[in-house]
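Student: The following block contains the structure, expressed as C-alpha cells.
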Ligand code: SF4
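Residue numbers (my numbering): 25 to 727.
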C-alpha cells in the first residue's frame, strides 16, 4: 500500500468474495481503485487474503458492461457462442428507456398471457441486503408467487434446513472468532485455508495456543498440519462416521445429561438410534479406525468449550441435511451451544449469502425465515407491503426445480440478477438447454456471464465497490458497503434497476434512496431490531443486538432456543449412500470445489489480473499413483466423463486426494465441472450432490 500521496480518496467497504466479510479500505487514484488495504473489522482485524488484497481490478476490466443491450433480431441461436469482447454480433446497444421497456414489457406480456407463474427470478448473494430484499419483493408482489431463489440452494440450504428444524434459526450460533475461547474445534467438509482464508488464520492461532483441531475431510487440506486429528473418511460417509462418534459418547456416558434435560427434546430416540452405529460396524463404511473414532469422541466430549465448523463438503450431498443433523446432535449432547467458545458454525460461502437468505431471497421463507404459508406472517407483511390476497401462500420452487420447469416449458420468462446458473447448476448442459428455451430472459450483471449469453435484455449493473448498502457475513455481522468509484459508463446500482423494473411492472414503489429500503426491512425483520442506518455509518453490528448501544451477540441460545418450549431437537440420521456408485464404466469418484485464487464461476476472479496470472488454466487434482496408472505426467490433459457429459482438463499431481478420486474446481468455463455433476438433490434442503459423482478418467493428447 502506498502512502496517502499515492491516491486521491479512501473508502471503507467490505471484500466482495467470501462470507468472512473482511473490511477493506479502497485507495482510489484517477477514478480507479489502485490498492486495497485490510482494516479493523470484527471479522478480520486488518487481515486480508490474496483475493481481497489483489483481486479487485476486475471492476475496471474491459469486459465490463457499460450500456444496456438487447438481443439482435438477426442474432445466431442462443448459446454460449458470444465473445465477451465482441458481443455486438449478438446484441445491440440500447438506451435505458428502450431496454427497461423491453425488459419489463416482455415479463408483463408473459404475465398477461400465461399468468404470473410463467415468470421466475434468481437474485444474488453478491448483491446487498437491500437489493436481495427488493428482488424477492418484486417477484412476490409482481408475479404473485414465491418462485424466487438464489445460490444458497447450491451452498448451505441443507445446513439451514437442519438448523431451522433443530435449533430454530438458520444462522450460526457463534461467530468464528469465538474459537479463541474454545479448547477443541471440529472443521468438517470445509477447506478454510482456500475458501475462508482469514477465518483459517484464527483457526491456526487457536492451535498455536494449544487448542485441539479435529479436521474431517475426504481430501487432505491446508489445516491438516495444524490438526491434532485428521480423519480422511470415505467420500459421502459423513453420517456413519459422526454417528459412530456419538455412539461412543453415549456408550461411555460422556454426554451432558443436565444440558440435555434442560434444553433439548427427543434424546431417548437419538440414544436408541445410535446403538447400532458402533465404530467397528461403521469402519467399513467410513474407513476410519475404531480407536481414532473413540479418541475423537473422548476429545470432543471432554472439552470445556468446543465449536463445530462445516462447509459444503457436508451440505452438498443428497444426505446433506442428515449430515448437519448429526453435527447439531453432537453439539447438543455435549452441551456445546450457547457458551463462549462453543457453538455451531456453517461457514457461509458468498459475501452476502447470509444476508440474502435473511432478506427472504428463498422460496419457502419471507424475510427473517418466516414461513410463506403462515397466515399471521402474511398479515404482518401485508401491513407493510399492502394487502395482496392473490399472492400465493404455497412454498415456491427452488433453483433446480425452476430450471426443470423452464426446460419443461412451464416457466417462460426469468429475471436473473447477478447469478450465473449457466455455470453453477449441476448437469449444466441441461440448464443451458433450458435457458435457451426461455421466451424472455432479463439478465442484470456486470459482465457478459455464461447466463447472460442466453439473455434477451442485459442490464449493466454495479460491482460491490460501486454500491451503497449493507451486507451480512457468516458471523451475522451487518456491515456497510460504500461506493469507492461510480459504475462505469451507463451502468447503474442494482437496487435502482430493480426499483425501475418494478415500477414498469405496475408496482407502486417509491424508493429513492437505499436507506429507505433498509428502513422497510427493519419493519418486517425483527433480527434487525436496534440496528439502524445511522449506527451502521460508524459501526458493524452483530444481530441480534439487544439495545442501540449493544454491538450484538457473538454467542446465542445460552438460555434456550427459538423453538417450542425453548428446546432444541435431536433428529436421528440414518446412513444414505451417495446417489450414484462407481462401477466398471465410471470407476472413480469426482468431487468439486473452489481454489484459493478463483471465486465460484470465475466471472470476477478470472478477470482480476493477479489472480488470473497465478491460476490461469483449468485443472484437476489426481493422486500421483493415479497419474502413473494412467500414464500421465502433471500438466498433461485428461478426459473426465460422467453419466452427464465429458470435459478435457489439465491434470495436477496432488497427494491430498485419494487414489480413487479426482477434484475439479468449478471456475473454468472451458472445462466446466458442472457439465459432469449429478443433479440429484437432498429431499429437505433441495441441494444438489456436487460432492460426489462416479467418473471415468482417461489420458488424452493436448491439442
Ligand atoms: Fe475477502 Fe474472504 Fe479473503 Fe476476507 S477471507 S479477504 S472476505 S476472500
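The beta-carbon is built from N, C-alpha and C at its ideal position, and this holds for glycine as well.
Mind checking residue 652: buried by the 16 CB within 10 Å criterion, or exposed?
Tutor: Residue 652 is exposed by the Cβ-count criterion.
Student: Please check the pair residue 290 and residue 594, which I expect to be a contact at CB under 8 angstroms, by giving their CB distance rounded to whole angstroms.
Tutor: The Cβ separation is near 4 angstroms, so the contact holds.
Student: Given residue 718, which residues of its chain have a CB within under 6 angstroms of its CB, disregarding the five upstream and five downstream residues?
Tutor: Excluding positions up to five away in sequence, the list reads 604, 606, 610.
Student: When you compare only the Cα positions, how much space is there between residue 25 and residue 621?
Tutor: Residue placement at residue 25 is flagged as unreliable, the pLDDT there being 48, under the threshold of 50; a coordinate-derived value is accordingly withheld.
Student: Considering residue 106, what are the terminal residues of the beta strand (DSSP E) in which it resides?
Tutor: Per DSSP, residue 106 belongs to no beta strand (DSSP E) and is neither H nor E.
Student: According to DSSP, what are the bridge partners of residue 34?
Tutor: Its beta-bridge partners are 51.
Student: Give, in chain order, every unbroken run of the alpha helix (DSSP H) that is at least 4 residues long and sits entirely within the region 524-578.
Tutor: Correct list: 538-548, 557-560.
Student: Looking only at its own chain, which residues have a Cβ that is under 8 angstroms from the Cβ of residue 363, when we skip the five neighbours before and after it?
Tutor: Counting only Cβ-Cβ distances below 8 angstroms, and skipping sequence neighbours, we find 329, 579, 582.
Student: What are the complete alpha helix (DSSP H) segments, minimum 4 residues, inside the region 90-163?
Tutor: Fully enclosed alpha helix (DSSP H) runs of 4 or longer: 120-138.
Student: Between the Cα of residue 566 and the Cα atoms of 45, 39, 36, which residue gives the shortest distance?
Tutor: Residue 566 has its Cα closest to that of 45, out of 45, 39, 36.
Student: Any chance the CB of residue 237 is under 7 angstroms from a heavy atom of the ligand SF4?
Tutor: Not under cutoff, so the answer is no.
Student: Assign residue 25 to one of three DSSP states: helix, strand, or coil.
Tutor: No answer about residue 25 holds up, because its pLDDT of 48 lies below 50 and its placement is not dependable.
Student: Where does residue 312 sit, in a helix, a strand or coil, going by DSSP?
Tutor: The answer is coil: DSSP assigns residue 312 none of H, G, I, E or B.
Student: Report buried or exposed for residue 182, applying the criterion of at least 16 other Cβ atoms within 10 angstroms of its Cβ.
Tutor: When all chains shown are included, residue 182 counts as buried.
Student: Considering only their Cβ atoms, is the gap separating residue 374 from residue 366 smaller than 8 angstroms?
Tutor: Not a contact, by the Cβ cut-off of 8 angstroms.
Student: Where the beta carbon is closer than 5 angstroms to any heavy atom of the ligand SF4, which residues qualify, in chain order?
Tutor: Spelled out in chain order, the answer is 39, 41, 42, 44, 46, 72, 73, 75, 76, 221, 222.
Student: Here's a check: name, in chain order, each residue in its chain whose Cβ is nearer than 8 angstroms to the Cβ of residue 572, leaving out the five neighbours to either side.
Tutor: Closer than 8 angstroms at the Cβ level, and outside the excluded window around residue 572, lie 554, 556, 559.
Student: Under the DSSP definition of a beta bridge, which residues are partnered with residue 332?
Tutor: According to DSSP, which records beta bridges pairwise, residue 332 is partnered with 210, 368.
Student: For residue 658, which of helix, strand or coil comes out of DSSP?
Tutor: Three-state result, residue 658: coil.
Student: What does the alpha-carbon distance come out to for the pair residue 409 and residue 213?
Tutor: The alpha-carbon atoms of residue 409 and residue 213 are separated by roughly 40 angstroms.
Student: Please report the distance separating the alpha-carbon of residue 98 from that of residue 114.
Tutor: Near 8 angstroms, if we compare the C-alpha coordinates of residue 114 and residue 98.
Student: Excluding the 5 residues preceding and the 5 following residue 231 in the sequence, name in chain order all residues of the same chain whose CB lies nearer than 8 angstroms to its CB.
Tutor: If we look at residue 231 and ignore the five residues flanking it on each side, its Cβ neighbours are 237, 250, 251, 252.
Student: At what residues does the alpha helix (DSSP H) containing residue 229 begin and finish?
Tutor: Run containing residue 229: 221-232, per the alpha helix (DSSP H) assignment.
Student: Measuring alpha carbon to alpha carbon, tell me which of 415, 259, 522 ends up nearest residue 343.
Tutor: Nearest C-alpha to residue 343: 259.
Student: By DSSP, does residue 643 sit in helix, in strand, or in coil?
Tutor: Here residue 643 sits in strand by DSSP.
Student: Quick check on the DSSP output: the alpha helix (DSSP H) that includes residue 474 runs from which residue to which?
Tutor: Careful: residue 474 lies outside any alpha helix (DSSP H) and carries neither H nor E.
Student: Tell whether a beta-carbon distance below 8 angstroms holds between residue 155 and residue 623.
Tutor: It is not a contact, given that the beta carbons lie outside the stated cut-off.
Student: I'd like the span of the beta strand (DSSP E) that includes residue 2, first residue to last.
Tutor: The chain is shown only over 25 to 727; residue 2 falls outside these bounds and no answer can be derived.
Student: My parser needs the alpha helix (DSSP H) runs of 4 or more residues fully inside the region 332-402; what are they?
Tutor: 336-339, 344-357, 377-382, all fully within the region 332-402.
Student: Answer yes or no: do residue 453 and residue 668 have a C-beta to C-beta separation smaller than 8 angstroms?
Tutor: Yes, these two residues count as a Cβ contact at 8 angstroms.
Student: Just how far apart, CA to CA, sit residue 398 and residue 417?
Tutor: Straight-line Cα distance between these residues: approximately 8 angstroms.
Student: Straight-line CA distance for residue 473 to residue 281?
Tutor: Looking at the two C-alpha atoms, the distance is approximately 53 angstroms.
Student: Would you tell me roughly how many angstroms separate the C-alpha atoms of residue 314 and residue 303, rounded to the nearest one?
Tutor: Those two C-alpha atoms are separated by around 5 angstroms.
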